[in-house]
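Beneath this line is the structure, given in structure tokens, with notes to follow.
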């Protein structure tokens with residue numbers, strides 16, 4: 035009888051903490067305020083993909099490293115901007131040009147492609163090169179993914 039009561043209490047505590055985590059990650063995302071626009075960079079967590087952290091650039095300058103499971107944003111003046119992600123393969127899918135209007139938000143997803151450059155021995159000694167694409171997504175698809183992840187500060191590399 036005591037064990038059941040203890041187990042029930044522990045299950046309720048675990049459920050409560052899961053609820054708290056779920057509601058905290060589902061909080062409203064901060065909005066861009068005119069006269070600036072916002073570019074969101076996000077990288078969905080998939081443990082079957084590389085955990086590498088490619089650099090992300092806006093207008094040629096590094097603004098941070100894309101960590102799987104995280105998102106960050108940068109507020110920029112309205113106008114045309116170039117977003118790019120570091121990648122071993124450069125086939126044109128690593129760069130996007132966006133035209134920002136005041137108060138708008140753009141969502142750029144970092145997408146790993148792990149099987150483009152790999153090879154090696156049959157029984158080991160193989161190699162793999164990290165390749166990333168940059169895809170733009172509409173807000174209704176990007177915002178739930180960002181809310182499930184962790185919003186971090188865009189930190190430039192050391």
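Numbering (my numbering), first residue to last: 35 to 192. Even glycine gets a Cβ: it sits at the ideal position worked out from N, Cα and C.
Our two residues, residue 158 and residue 96, have alpha carbons roughly 35 Å apart in a direct line. The three-state reading of DSSP puts residue 186 in coil, since its state is none of H, G, I, E or B. Boundaries cannot be given for residue 81, as no beta strand (DSSP E) includes it and DSSP labels it neither H nor E.
Around the beta carbon of residue 72, 16 or more other beta carbons lie within 10 angstroms, which makes this residue buried. Residue 183 places its beta carbon less than 8 Å from that of residue 76.
For residue 169, the number of other beta carbons within 10 angstroms of its own is below 16, and it is reported as exposed. Look at residue 139 here: in three-state DSSP terms it is strand. DSSP places residue 166 inside the beta strand (DSSP E), whose first and last residues are 166-171.
Residue range 113-119 is occupied by the beta strand (DSSP E) that includes residue 117. Beta-bridge partners assigned by DSSP to residue 129: 118. Rounded to the nearest angstrom, the gap between the Cα atoms of residue 166 and residue 117 is 13 Å.
Relative to the Cα of residue 132, the nearest Cα in the group 126, 113 and 150 belongs to 113.
The C-beta distance from residue 143 to residue 122 rounds to 19 Å, too long to meet the 8 Å contact threshold. Within its own chain, the residues whose Cβ lies closer than 8 Å to the Cβ of residue 153, once the five positions on either side in sequence are excluded, are 160 and 161, listed in chain order.
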